[in-house]
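Each remark here refers to the structure printed beneath this line.
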Amino acid sequence: MARKYKFHDNRALYFVTFTVVYWLFVFIRDQYKEVFYESVRYCQKEKGLEVYGFCIMTSHIHLIIGTENGILSDIVRDLKSYTSRAIRKAIEEDERESRREWLLWMMQRAGKKNSRNGEFQFWQQHNHPIQLDTIEMARQRLDYIHQNPVEQGFIQKAEEWSDSSCAAYYGAGESKIELIYLE
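Rendered as structure tokens:
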């Protein structure tokens, strides 16, 4: 069955969301967020990933991304695959993780339900890429990304969220990953 949401144009910008299976609150721990940041940095340096905006929430991540010289679907596949394995390993090895057994059980359960994975699944299968054809569409999605923690009641002002590109856009802080700013 063909899916409506695909990366059709490698030169375009896309809004994507990566969601942890069962909306598990994984990204409440800094070490799991750092795995994601490191992987994005690697993809930027080695694969040509361009990041225009991002926000890491407790159970999902929003991004505005593009590439000039890569195949975006391949970059996203590799990013999700690597982070899945690396975060799983981090959970398995962290004896301080009070939810370790439960998190691993939930992710194994998700993997067994998905014939494409078999034994383990960290991310939900689809990332629902939406092509941003105009600068207005890109700005609207960027505002949505930045306002997400405010809407969830975590903070009062979007630039206060440390795991977002918002502070960098407002000049109120630095981004944890390299950004290309929307004009």
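Read in order, the letters of the sequence shown are residues 989 to 1171 in the numbering used here.
The beta carbon of each residue, even a glycine, is placed where N, CA and C say it ideally should be.
Query raised in the report: In chain order, what residues of the same chain lie with their CB nearer than 8 Å to the CB of M1094, ignoring the 5 residues before and after it?
Result: Here residue 1094 corresponds to residue number 106 of the sequence shown, with the count starting at 1. Excluding residues within five positions, the ones whose Cβ falls inside 8 Å are V1009, Y1010 and L1012.
Query raised in the report: Mind pulling the beta strand (DSSP E) runs of 3 or more residues that sit fully within the segment 1001-1065?
Result: Counting only runs that start and end inside the segment 1001-1065, the beta strand (DSSP E) elements of at least 3 residues fall at 1001-1007, 1037-1044 and 1048-1055.
Query - Backbone CA spacing between L1060 and C1043 [nearest angstrom] - result: Locating residue 1060 in the sequence shown gives position 72, where the first residue counts as 1. Locating residue 1043 in the sequence shown gives position 55, where the first residue counts as 1. Cα-Cα distance, rounded: 19 Å.
Requested in this report: Could you confirm whether any beta carbon from chain C is found closer than 9 Å to the beta carbon of I1016?
Outcome: The structure shown has no chain C; it contains just one protein chain.
Query raised in the report: Along the chain, which unbroken stretches of the beta strand (DSSP E) at least 3 residues long are found entirely within the segment 1101-1157?
Result: 1118-1120
**Report entry** Within 9 Å, strictly: CB atoms of I1133 and S1153
**Finding:** Numbered from its first residue, the sequence shown carries residue 1133 at position 145. Numbered from its first residue, the sequence shown carries residue 1153 at position 165. Going by C-beta atoms, I1133 is nearer than 9 Å to S1153.
Query raised in the report: Around the C-beta of D1072, are 16 or more other C-beta atoms found within 10 angstroms, so that it is buried, or is it exposed?
Result: Position 84 of the sequence shown, counted from the start, is the residue given in the question as residue 1072. Going by the sequence as given, residue 1072 is Ser instead of Asp. Buried is the call here.
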